[in-house]
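First comes the structure, then the notes that go with it.
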Amino acid sequence: MAFWAAILWALLASVLGGLYLLGAFRRRRATEPPLDKGHIPWLGYALDFRKNSAEFVKKMQRRHGDIFTVLIGGYYFTFIMDPFSFGTIVKASRAKLDFQKFAGELVARVFGYHHSENDNKILQVASTKHLAGDGL
Numbered sequence: 559m560a561f562w563a564a565i566l567w568a569l570l571a572s573v574l575g576g577l578y579l580l581g582a583f584r585r586r587r588a589t590e591p592p593l594d595k596g597h598i599p600w601l602g603y604a605l606d607f608r609k610n611s612a613e614f615v616k617k618m619q620r621r622h623g624d625i626f627t628v629l630i631g632g633y634y635f636t637f638i639m640d641p642f643s644f645g646t647i648v649k650a651s652r653a654k655l656d657f658q659k660f661a662g663e664l665v666a667r668v669f670g671y672h673h674s675e676n677d678n679k680i681l682q683v684a685s686t687k688h689l690a691g692d693g694l
């Protein structure tokens, strides 16, 4: 009997841990825009977004306002629909929003390219060598 109770507890802990990793327990914090996770854990609104992304974004804007966060395929995406709000967000400190860090992570995930510290120096040497000739 104790053996089956231990197995049951381990199974329950595994299921709860899996749901936690999938983001099933994530809640909106007070300083965040509205969060909509959809009905399907992890997938969220991936199927609706894939079907018609423009209509999906318009529907979410009507439901939540100009700034909102949705779960799409395991990732949380924040949409900013008001162009006048974008300036305020971009002017935030680099500690809160770093486009270089985000771009590096995106390029690494999509293309498998990892930025090295010597890339800028190599580019400068190549530019000087090839773009500063007598004919230019």
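Counting in this note's numbering, the sequence shown runs from 559 upward without gaps. Just so you know, even glycine gets a beta-carbon here, dropped at the ideal spot from N, CA and C. Source: prediction; values computed, not measured.
First through last residue of the beta strand (DSSP E) which encompasses I638: Element bounds for I638: 633–638.
Backbone CA spacing between T636 and L569 [nearest angstrom]: 34 Å
Burial state of Y603 (16 or more Cβ within 10 Å): buried
Segment contact, 8 Å Cβ cut-off, at least three pairs: the segment 656–664 with the segment 615–632: no
Counted within 10 angstroms of its Cβ, other Cβ atoms place K595 as buried (16 or more) or exposed: Residue burial annotation: K595 is buried, with at least 16 other C-beta atoms found within 10 angstroms of its C-beta.
G670 - DSSP class collapsed to helix/strand/coil: coil
Three-state secondary structure assigned by DSSP to A624: Just to set this straight, residue 624 is Asp in the shown sequence, not Ala. It is coil, neither helix nor strand.
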